[in-house]
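In what follows, a single structure is set out as structure tokens and then discussed.
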Amino acid sequence: MGLRSDIRTVKAKDPAAKSTIGILLTHNGMHAVWIYRLSRLFWKIKLGIVAKIISNLNRFLTGVDIHPGARIGKNFMIDHGSGTVIGETAVIGNNVLIYHQVTLGGTGNDKSSRRHPSVCDNVMIAAGAKVLGGIHIGTNAKIGANAVVLKDVPANATAVGIPARIIFNGDVNNENCSLIKKAQT
Ligand SMILES: CC(C)(COP(=O)(O)OP(=O)(O)OC[C@H]1O[C@@H](n2cnc3c(N)ncnc32)[C@H](O)[C@@H]1OP(=O)(O)O)[C@@H](O)C(=O)NCCC(=O)NCCS
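For the sequence shown, numbering that gives the first Met the number 0 begins at 0 and goes up steadily by one.
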């Protein structure tokens, strides 16, 4: 997790991002991740109000709203950024790509400490998708544009529509997720 790996991630996942200087100056999704990391530092040392002020500033500057309580792994990328919302108890693994207008949110009925989704490694969540509740999105899964996902999505599967249905069911047993490894250790 550093400047170089952030730039490598953007170059690998965004075909429109070509020059390093262009990415540094204009990739608002990457800027949003940087500002989130700053807010997260304050959240971890229990300066919640400072963390929330920084995350509000993030929303103002980039259009991305990431709660400082959310946990996010390596090589995370938000493409386009605007309108993306990530809730307080969301957990995101490594190499996850999400687009504009994506919400990792609660259903509104759940006030528990696990009310937002956990998203495993290498998942892609397309533009406008809403992933709601304390559900699990398995490794390598794809969520289609504008889907509303209310139930777990297995590893390697593709889910589309409202409510989301599985159109491609991958190898469910092949779940190799850094989030699960962390929970077991
Ligand atoms: C979900 C997605 C990754 C699936 O891609 P795919 O595996 O190549 O799937 P296909 O295009 O072959 O579609 C398979 C079926 O799902 C349907 N489908 C695909 N995406 C859908 C979506 N977002 N919503 C509803 N149905 C969808 C197709 O119509 C097709 O249905 P059919 O079998 O009845 O004809 C892709 O469709 C998608 O949503 N990409 C969006 C990426 C994005 O956000 N881009 C923004 C860049 S700025």
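Beta carbons are placed, not taken as given, at the ideal position from N, Cα and C, and that holds for glycine.
Bear in mind the structure is a predicted one, so any value in this text is a computation, not a measurement.
Identify, in the order they occur along the chain, each residue of the same chain with its Cβ nearer than 6 Å to the Cβ of residue i, setting aside the five sequence neighbours on each side.
i             : result
valine 95     : Phe75, Val118 and Val122
lysine 12     : Met76 and Leu96
glycine 127   : Gln100, Ala144 and Asn145
threonine 8   : Asn74 and Met76
histidine 30  : Thr61
arginine 39   : Pro67
tyrosine 35   : Ile65
serine 18     : none
isoleucine 85 : Ile65, Ala69 and Leu103
Expressed to the nearest angstrom, what Euclidean distance is found between the alpha-carbon atoms of residue i and residue j?
i              : j             : result
isoleucine 136 : threonine 106 : 16 Å
asparagine 27  : glutamine 100 : 14 Å
alanine 189    : glutamate 174 : The first residue shown for the chain is 0 and the last is 184, placing residue 189 beyond what the model contains.
serine 54      : aspartate 78  : 18 Å
asparagine 57  : glycine 47    : 15 Å
threonine 184  : isoleucine 6  : Note that threonine 184 scores a pLDDT of 46, beneath 50, so its modelled location is shaky; the value from the coordinates is reported in the next line. Looking at the two C-alpha atoms, the distance is approximately 30 Å.
asparagine 139 : arginine 114  : 22 Å
arginine 3     : proline 14    : 17 Å
isoleucine 44  : tryptophan 33 : 18 Å
Does DSSP put residue i in a helix, a strand or coil?
i                 : result
methionine 0      : coil
histidine 135     : strand
alanine 128       : coil
threonine 8       : helix
phenylalanine 167 : strand
arginine 58       : helix
valine 63         : coil
serine 117        : strand
valine 148        : strand
lysine 141        : strand
lysine 90         : Here residue 90 turns out to be valine, not lysine, going by the sequence shown. Correct three-state label for valine 90: strand.
With C-beta atoms as the reference, is residue i less than 8 Å away from residue j?
i             : j              : result
threonine 102 : lysine 129     : yes
isoleucine 71 : isoleucine 52  : no
alanine 154   : glycine 169    : yes
proline 116   : alanine 89     : yes
aspartate 151 : isoleucine 124 : no
Note the first and the last residue of the continuous beta strand (DSSP E) segment covering residue i.
i              : result
glycine 104    : 102-104
isoleucine 44  : That residue, isoleucine 44, is in no beta strand (DSSP E); it is neither H nor E in DSSP.
isoleucine 161 : From DSSP, isoleucine 161 is part of no beta strand (DSSP E); its letter is neither H nor E.
aspartate 78   : 76-78
Could you check where the alpha helix (DSSP H) with residue i kicks off and where it finishes?
i          : result
valine 95  : No alpha helix (DSSP H) holds valine 95; DSSP gives it neither H nor E.
glycine 21 : 19-25
What residues in its chain sit with their C-beta under 7 Å from that of residue i, if we drop five residues either side in the sequence?
i           : result
valine 159  : Gly143, Ala146 and Ile166
alanine 16  : Val9, Lys10, Ile22 and His26
leucine 178 : Val90, Gly92, Ser117 and Cys119
glycine 80  : Asn27, Gly28, Ala31, Thr61, Gly62, Val63 and His99
serine 209  : Absent from the structure is residue 209, since the part of the chain shown begins at 0 and ends at 184.
Excluding five sequence neighbours on each side, which residues of the same chain lie with their C-beta closer than 8 Å to the C-beta of residue i?
i             : result
leucine 149   : Thr106, Leu131, Gly132, Ile134, Pro162 and Ala163
aspartate 109 : Gly132 and Gly133
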